[in-house]
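A.B. asks: In this note's numbering, the protein residues as written are 1022 to 1385.
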Ligand code: ASP
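(1) Kindly list the residues whose CB is nearer than 6 Å to the CB of residue 1346, restricted to its own chain and excluding five residues on each side of it in sequence; keep chain order.
(2) Can the beta-carbon of residue 1368 be found closer than 8 Å to that of residue 1072?
(3) Going by beta-carbon coordinates alone, are residue 1388 and residue 1260 separated by less than 8 Å?
(4) Run the CB neighbour count on residue 1352, radius 10 Å, all protein chains shown included, and call it buried at 16 or more, exposed below.
(5) Under the three-state reduction of DSSP, which class applies to residue 1061: helix, strand or coil?
(6) Are residue 1189 and residue 1227 close, meaning C-beta to C-beta below 8 Å?
(7) May I ask you to check if the CB of residue 1193 is nearer than 7 Å to at least one heavy atom of ligand 1?
(8) Which class does residue 1185 belong to by DSSP, given the choice of helix, strand or coil?
(9) Residue 1284 and residue 1262 look like a contact to me (Cβ under 8 Å); what is the Cβ gap, rounded to whole Å?
(10) Can you have a look at residue 1320 and say buried or exposed, based on whether 16 or more other CB atoms are within 10 angstroms of its CB?
(11) Which residues in the same chain as residue 1131 place their Cβ atom closer than 7 Å to its Cβ, once the five residues preceding and following it in sequence are excluded?
(12) With C-beta atoms as the reference, is residue 1257 less than 8 Å away from residue 1117?
(13) In or out: residue 1194 buried (at least 16 other Cβ within 10 Å) or exposed?
(14) Considering only heavy atoms of ligand 1, does any lie closer than 7 Å to the CB of residue 1387?
(15) For my contact list, residue 1363 and residue 1080 are in at a C-beta cut-off of 8 Å; report their separation, rounded to the angstrom.
(16) Pick helix, strand or coil for residue 1156, following the three-state DSSP scheme.
(17) Only counting the same chain, and skipping five residues up and downstream in sequence, which positions put a Cβ closer than 7 Å to that of residue 1275?
(18) Taking just the CA atoms, how far does residue 1316 sit from residue 1350?
(19) Around the Cβ of residue 1309, are there at least 16 other Cβ atoms within 10 angstroms (buried) or fewer (exposed)?
(20) Which residues mark the beginning and the end of the beta strand (DSSP E) in which residue 1376 is found?
(21) Does the beta-carbon distance from residue 1264 to residue 1278 come in below 8 Å?
(22) Between residue 1267 and ligand 1, is there a pair consisting of the residue's CB and a ligand heavy atom that are separated by less than 7 Å?
(23) Quick check on DSSP: helix, strand or coil for residue 1379?
(24) For a quick check, are the C-beta atoms of residue 1112 and residue 1253 less than 8 Å apart?
(25) Just tell me which of 1216, 1154, 1376, 1177 has its CA closest to the CA of residue 1142.
(26) Go ahead and label residue 1114 buried or exposed: buried means 16 or more other beta carbons lie within 10 angstroms of its beta carbon, across all protein chains shown.
(27) Measuring only from the beta carbon, is residue 1273 closer than 7 Å to any heavy atom that is part of ligand 1?
(28) Got a sec: does ligand 1 put a non-hydrogen atom nearer than 7 Å to the Cβ of residue 1311?
(29) So, using beta-carbon positions, are residue 1098 and residue 1377 closer together than 8 Å?
(30) Are residue 1150 and residue 1170 closer than 8 Å when you measure CB to CB?
(31) Return yes when the Cβ of residue 1136 is within less than 8 Å of the Cβ of residue 1245, no when it is not.
(32) How many angstroms separate the CA atom of residue 1208 from the CA atom of residue 1341?
(33) From residue 1290 to residue 1344, what does the alpha carbon distance come to, in whole angstroms?
(34) Between residue 1278 and ligand 1, is there a pair consisting of the residue's CB and a ligand heavy atom that are separated by less than 7 Å?
(35) How about residue 1299: is its Cβ closer than 7 Å to a heavy atom in ligand 1?
(36) Quick check on DSSP: helix, strand or coil for residue 1127?
The structure is reproduced here in structure tokens:
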């Protein structure tokens, strides 16, 4: 149940929806973007979307057309667009894919509409425990954090673990302390509070939502976990995933998002992947690495490998979800066994596309 402080905050209401550019097809300017060579050992590509340099997702689930108000739809599309534009500008400037995925995820972590950073869901104790991981395809360096309480942008802390510690994975208090030691400002838990996530927790605990908006949000909910995958001008790829996990999750529960090989994976020889869905099963299926393995060992194109894992292997283990996967040629796959997956991508000419509704994201 909420602390007195938290109860007071309920009356503060939901944070304002994000402002920014609208529309699903926005040109972000011309780019000095990669013209990826095809690795000799790579399999022939399947269909997918070609010429992609950056893709993001905002969680698997279902968003039937009509389930969002026009304002909500604009807020989602604007959030995805800002993330894509931010990452694209970096790639256009010759910065590494690793920078692009980190900064794109930062935008989504700061956006209350997504279940990561600011908009993270509540656990059973009405707290926020944040998970994130990042991986560099060139050398397979990676960093991850789980159960973080006081870090505004967990993906940046994951990168810090990768670059400023000899470790790959840090959890809980140790990870928050590592953040403080490296000059990351302490973020109080109340920063992560939003009315919508509170209503979802109350609904999960069997209490009616406190607001009509909460009731609607609960009906039209997609997962909200965020991820990004990118291909830079040096033909390096990278992947990042950040989440608050599942509403009403047991305190201490960790899903797939911070687990390298499960929720996130990147290898220049194959693919950059960010997953979303029931984390326990994505861990058991080692989903992100399995997509890479099918490409490396079975010579599958990215579309077939990603669809095999997401639409066959994960459901066979008892769960649904989705993934975005980008190969080193710039071919994007976004399969999902849920009805949809919120996602967007930018091609090397700077054209941005966002896909929210179930009918915009056909299963691949
Ligand atoms: N995979 C996330 C988790 O299990 C949740 C999600 O993607 O919706 O924590």
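Built from N, CA and C at the ideal position, the CB exists for glycine as well.
C.D. replies: Straight from the coordinates:
(1) 1292, 1294, 1312, 1323, 1327, 1354, listed in sequence order.
(2) Residue 1368 places its beta carbon less than 8 Å from that of residue 1072.
(3) No answer is possible for residue 1388: the residues shown for the chain start at 1022 and end at 1385.
(4) Under this definition residue 1352 is a buried residue.
(5) Confidence in residue 1061 is poor, its pLDDT being 32 and thus under 50, which makes the residue's placement too unreliable to answer from.
(6) No, the pair does not count as a contact, with Cβ atoms beyond the cut-off.
(7) Residue 1193 Cβ: outside cutoff for every heavy atom of ligand 1.
(8) Helix.
(9) The beta-carbon separation of residue 1284 and residue 1262, rounded to 5 Å, stays under the 8 Å limit for a contact.
(10) Classification of residue 1320: exposed, given that the 10 Å Cβ count is below 16.
(11) So the qualifying residues of the chain are 1138, 1139.
(12) Residue 1117 sits close to residue 1257, with the two beta carbons spaced by under 8 Å.
(13) Its Cβ having fewer than 16 others within 10 Å, residue 1194 is exposed.
(14) Since the displayed the chain opens at 1022 and closes at 1385, residue 1387 lies outside it and no answer follows.
(15) 6 Å between Cβ atoms; contact.
(16) Residue 1156 falls in the strand class under three-state DSSP.
(17) So the list reads 1152, 1167, 1168, once near-sequence residues are dropped.
(18) Taking the straight line joining both Cα atoms gives about 13 Å.
(19) Per the 10 Å Cβ criterion, buried.
(20) 1372-1376 is the span of the beta strand (DSSP E), which, as asked, contains residue 1376.
(21) Against a cut-off of 8 Å, the Cβ pair of residue 1278 and residue 1264 comes out as a contact.
(22) Yes.
(23) DSSP places residue 1379 in helix when its eight states are reduced to three.
(24) Note that the C-beta distance between residue 1112 and residue 1253 is below 8 Å.
(25) Of the candidates 1216, 1154, 1376, 1177, the one whose C-alpha sits nearest the C-alpha of residue 1142 is 1216.
(26) With fewer than 16 other Cβ atoms within 10 Å, it is exposed.
(27) Exclusion of residue 1273 from the 7 Å shell around ligand 1 follows from its C-beta lying no nearer than that to any non-hydrogen atom of the ligand.
(28) Because no heavy atom of ligand 1 lies under 7 Å away, the Cβ of residue 1311 does not count as near it: no.
(29) Against a cut-off of 8 Å, the Cβ pair of residue 1377 and residue 1098 comes out as a contact.
(30) Contact flag set, yes.
(31) Contact: yes.
(32) Taking C-alpha positions only, residue 1208 is separated from residue 1341 by approximately 33 Å.
(33) Rounded to whole angstroms, residue 1290 and residue 1344 show a C-alpha spacing of 19 Å.
(34) Because some heavy atom of ligand 1 lies under 7 Å away, the Cβ of residue 1278 counts as near it: yes.
(35) Under cutoff, so the answer is yes.
(36) Here residue 1127 carries a helix assignment [DSSP, helix/strand/coil].
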